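As numbered in this note's numbering, residues 17 to 261 make up the sequence shown, in order. We treat Cβ as the ideally placed atom computed from N, Cα and C, and that holds for glycine. The model shown is predicted, which means the values in this text are computed figures rather than measured ones.
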Amino acid sequence: MDRVAIVSGAGSGIGRATSIALAESGARVLGVGRRKEALEQTAHGHSTIAVLPLDICEEGAADTVVATAVEWWGRIDVLVNNAGVTAVMPLADTDRSVISRLFDLNVTAPSMLAHAALPHLRDSSGSIVNVSSTYGHRPLAGGAHYAATKSAMEQLTRSWALELAPEGVRVNAIAPGPTKTDVLAAAGLPQDAIAELLSHERDRIPTGRIGDPKDVADWILRVADPSGPFITGQVLTLDGGLELV
Ligand SMILES: NC(=O)c1ccc[n+]([C@@H]2O[C@H](COP(=O)([O-])OP(=O)(O)OC[C@H]3O[C@@H](n4cnc5c(N)ncnc54)[C@H](OP(=O)(O)O)[C@@H]3O)[C@@H](O)[C@H]2O)c1
Numbered sequence: 017m018d019r020v021a022i023v024s025g026a027g028s029g030i031g032r033a034t035s036i037a038l039a040e041s042g043a044r045v046l047g048v049g050r051r052k053e054a055l056e057q058t059a060h061g062h063s064t065i066a067v068l069p070l071d072i073c074e075e076g077a078a079d080t081v082v083a084t085a086v087e088w089w090g091r092i093d094v095l096v097n098n099a100g101v102t103a104v105m106p107l108a109d110t111d112r113s114v115i116s117r118l119f120d121l122n123v124t125a126p127s128m129l130a131h132a133a134l135p136h137l138r139d140s141s142g143s144i145v146n147v148s149s150t151y152g153h154r155p156l157a158g159g160a161h162y163a164a165t166k167s168a169m170e171q172l173t174r175s176w177a178l179e180l181a182p183e184g185v186r187v188n189a190i191a192p193g194p195t196k197t198d199v200l201a202a203a204g205l206p207q208d209a210i211a212e213l214l215s216h217e218r219d220r221i222p223t224g225r226i227g228d229p230k231d232v233a234d235w236i237l238r239v240a241d242p243s244g245p246f247i248t249g250q251v252l253t254l255d256g257g258l259e260l261v
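Here it is in structure tokens:
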């Protein structure tokens, strides 16, 4: 299938696994992120992954991403809003700049990408897949603002799905639980704290393991696939049953 997909945060973790899975399914993929070398590592060995190093929070970035995909391939079928950041910030340590950074990357940038891609998604009857978190619908002590950005993403998902359904554009979200990626290191947590946190979470997950980026990528592909045209506005949690306990 000759689909064109944009994946933000394609240089690592879930975005890398999703870009590779999309490419292996026959799609052409524009992988976006700030680190050129990381993106090139994702594309290595996959001739249908092209990369565009840029900061999606910058003014005009969304238009550049969309214009690049359209210039190269003439269409857009799938937008995967995956790039995101977390932060440990109890209320007692609230810092305005951290709140702004979280909302800029996790809420505003994906909104601008969706806005810029919309005319092309209408043309292709395409779909948007937003990457939320199990903490988009569960409380997270010490991470309220991260959780709030993911709640916002889940409401964007449902609201856009309703708004765009008559135009044939579907919008869904995948909400991973703890998944083995660089996300905690990117939030500035030291390695020993990460190991302790993951071990604590592993013990709580009913299926007994931390998620793998490939687990998430496979479901992003499934909900993005045009052969699943009746699923829209859904948030699918992939957390080994963590939210059940
Ligand atoms: N891992 C988990 O346990 C988990 C659980 C639930 C939800 N999630 C969500 O899953 C998504 C992917 O995270 P991950 O776990 O795969 O972590 P990750 O490896 O840290 O991936 C985040 C990606 O976002 C990119 N990024 C960050 N700031 C950016 C910016 N300003 N412009 C463009 N790209 C930017 C990073 O690349 P550069 O630094 O090169 O820009 C990186 O490739 C996030 O939305 C995260 O909230 C993760």
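Any chance the CB of residue i is under 7 Å from a heavy atom of ligand 1?
{"i": "Ile36", "result": "no"}
{"i": "Thr124", "result": "no"}
{"i": "Gly25", "result": "yes"}
{"i": "Ala103", "result": "no"}
{"i": "Leu95", "result": "no"}
{"i": "Asp79", "result": "no"}
{"i": "Ile30", "result": "yes"}
{"i": "Asn188", "result": "no"}
{"i": "Leu121", "result": "yes"}
{"i": "Ser113", "result": "no"}
{"i": "Asp219", "result": "no"}
{"i": "Ser149", "result": "yes"}
{"i": "Pro194", "result": "yes"}
{"i": "Val48", "result": "yes"}
{"i": "Ala54", "result": "yes"}
{"i": "Gly158", "result": "no"}
Compute the Euclidean distance between the alpha carbons of residue i and residue j, then round it to the nearest angstrom.
{"i": "Ile190", "j": "Ile144", "result": "11 Å"}
{"i": "Thr80", "j": "Gly224", "result": "42 Å"}
{"i": "Trp89", "j": "Ala33", "result": "22 Å"}
{"i": "Gly76", "j": "Gly142", "result": "22 Å"}
{"i": "Thr58", "j": "Ala66", "result": "9 Å"}
{"i": "Arg19", "j": "Thr110", "result": "43 Å"}
{"i": "Val123", "j": "Gly25", "result": "14 Å"}
{"i": "Val86", "j": "Glu217", "result": "42 Å"}
{"i": "His60", "j": "Ala108", "result": "44 Å"}
{"i": "Ala130", "j": "Ser215", "result": "36 Å"}
{"i": "Asp231", "j": "Gly244", "result": "18 Å"}
{"i": "Thr64", "j": "Gly47", "result": "10 Å"}
{"i": "Ile92", "j": "His161", "result": "32 Å"}
{"i": "Ala181", "j": "Pro126", "result": "19 Å"}
Kindly list the residues whose CB is nearer than 6 Å to the CB of residue i, restricted to its own chain and excluding five residues on each side of it in sequence; keep chain order.
{"i": "Pro106", "result": "Gly158"}
{"i": "Ser128", "result": "The question names Ser, but residue 128 in the sequence shown is Met. Contacts found: Ala78."}
{"i": "Ile210", "result": "Leu200"}
{"i": "Ala263", "result": "As shown, the chain starts at 17 and ends at 261. That puts residue 263 outside it, with no answer to give."}
{"i": "Ala21", "result": "Leu38, Ala43, Val45 and Val94"}
I want to see whether chain C comes within less than 8 Å of residue i, judged by CB atoms only; does it?
{"i": "Arg238", "result": "No chain C appears in this structure, which consists of one protein chain only."}
Leaving out five residues before and five after residue i in sequence, what residues of the same chain have Cβ atoms less than 7 Å from its Cβ?
{"i": "Ser41", "result": "Leu237"}
{"i": "His62", "result": "Ile36 and Ala39"}
{"i": "Thr173", "result": "Asn146, Val187, Asn188, Ala189, Gly249 and Val251"}
CB-CB under 8 Å to residue i, same chain, minus the five flanking residues each way: which ones, in chain order?
{"i": "Ile247", "result": "Arg186, Asn188 and Val239"}
{"i": "Pro263", "result": "In the structure as shown, the chain starts at 17 and stops at 261, and residue 263 therefore has no counterpart that could be examined."}
With hydrogens ignored, establish whether the beta-carbon of residue i is closer than 7 Å to any heavy atom of ligand 3.
{"i": "Ala66", "result": "This structure lacks ligand 3; its bound ligands are ligand 1."}
Exercise for the section: Please confirm if the region 115 to 126 is in contact with the region 149 to 165, defined as three or more CB-CB distances below 8 Å between the two stretches. Expected result: yes
Exercise for the section: Pair every Cβ in the region 211 to 231 with every Cβ in the region 140 to 154, then say whether three or more of these pairs are closer than 8 Å. Expected result: no
Practice task
Give, in chain order, every unbroken run of the alpha helix (DSSP H) that is at least 4 residues long and sits entirely within the region 124 to 150.
Solution key: 125 to 140
Problem - Runs of alpha helix (DSSP H) lying entirely within the region 25 to 83, each at least 4 residues, in chain order - result: 29 to 40 and 52 to 59
Handout entry: Inter-stretch contact (C-beta, 8 Å, three-pair minimum) for the region 171 to 181 and the region 231 to 240
Key = Contact between the region 171 to 181 and the region 231 to 240 is absent: fewer than 3 CB-CB pairs across the two stretches fall below 8 Å.
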